[in-house]
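Engineer:
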Amino acid sequence: MECITIQHGEIRDNRTLDDLLKSGIEELFVVDLDSIRSGAPNLKLYGSLSKYFELIVMNYPYRVSDLIDTFVSGASRVVISNDITDRLIREYLSVSDQLVMKYANNTTCRVFSLLGGNMFLSNIEINMIYSTLYAYGVRIQSNTAITKRDSQKIIILDNFPAQEFQ
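Numbering (this note's numbering), first residue to last: 11 to 176.
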């Protein structure tokens, strides 16, 4: 799946909407660094992109209202941080089950899973039950021994800005 990064309200890496349309892709994984770093999601840009692509938006919403705004702006799935409270996980899951959590081997991810969350973003194999794993980075892409059940789906992300999440 193609990944784009938004920074300072624009698509990074000199790619335009025309470039993306010409590529023939239908789904787009959007990493919104403005939202992740400063809590300012680029909702209008999501709306523009969602006219042409199914969007999975990684913006780490800070509040339930941010999550709702992201879905209303056209996201089909939203990636949430693994650094949130159990209460906020419950509130987010009461809004939608179309949530993806950035994986870490921590209590928050286990709580997310126990409460019904089953999609993760990771650069390593995860030790939880999942339906969909959005995978990035050399470690997971070069690992041919990733175990996968028939009901599980692994989606490799192209051009994911891994260096931003070290």
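Don't be surprised by glycine CBs; every beta carbon is placed ideally from N, CA and C. Note that the structure is predicted; figures quoted are calculated from it, not measured.
What is the C-beta distance between V110 and L124, in whole angstroms, given that I count them as a contact (C-beta under 8 angstroms)?
Structural biologist: Going by Cβ atoms, the distance from V110 to L124 rounds to 16 angstroms, so no, they are not a contact pair.
Engineer: What do you get for T80, buried or exposed, if any count of 16 or more other CB atoms within 10 angstroms of its CB means buried?
Structural biologist: Counting Cβ neighbours within 10 Å, T80 comes out buried, since at least 16 surround it.
Engineer: A85 and I66 look like a contact to me (Cβ under 8 angstroms); what is the Cβ gap, rounded to whole Å?
Structural biologist: 7 angstroms
Engineer: Going straight from the alpha carbon of N153 to that of I165, what length do you get?
Structural biologist: The predicted model places N153 with a pLDDT of 49, which falls under 50 and marks its position as unreliable; any figure quoted below should be read in that light. Rounded to the nearest angstrom, the two C-alpha atoms are 14 angstroms apart.
Engineer: Which residues in the same chain as I78 place their Cβ atom closer than 7 angstroms to its Cβ, once the five residues preceding and following it in sequence are excluded?
Structural biologist: Around I78, the same chain offers V105 as residues with beta carbons nearer than 7 angstroms, after the five sequence neighbours per side are excluded.
Engineer: In chain order, what residues of the same chain lie with their CB nearer than 6 angstroms to the CB of G147, ignoring the 5 residues before and after it?
Structural biologist: N133 and A172
Engineer: Considering only the beta carbon of each residue, do Y4 and F63 sit closer than 8 angstroms?
Structural biologist: Since the displayed the chain opens at 11 and closes at 176, residue 4 lies outside it and no answer follows.
Engineer: I'd like to check one pair, D23 with P51: are the Cβ atoms closer than 8 angstroms?
Structural biologist: no
Engineer: Between S45, N116, Y56 and G57, which has its C-alpha nearest N69's C-alpha?
Structural biologist: S45
Engineer: What did DSSP end up calling A155 once you bin it into helix, strand or coil?
Structural biologist: Interpretation of A155 is limited by its pLDDT of 44, a score under 50 that renders its predicted location unreliable; no figure is taken from the coordinates.
Engineer: State the DSSP-derived secondary structure class of R97, mapped to helix, strand or coil.
Structural biologist: Helix at R97.
Engineer: Where does F130 fall in DSSP's three states?
Structural biologist: strand
Engineer: Going by beta carbon distance, what residues of the same chain come within less than 8 angstroms of E101, once the five residues before and after it are set aside?
Structural biologist: So the qualifying residues of the chain are V74.
Engineer: Judging by CA-CA distance, which residue of Q108, G127, N128 and M138 is the nearest neighbour of N115?
Structural biologist: If we check each option's Cα against that of N115, M138 comes out closest.
Engineer: With DSSP collapsed to three states, give me the class of D76.
Structural biologist: helix
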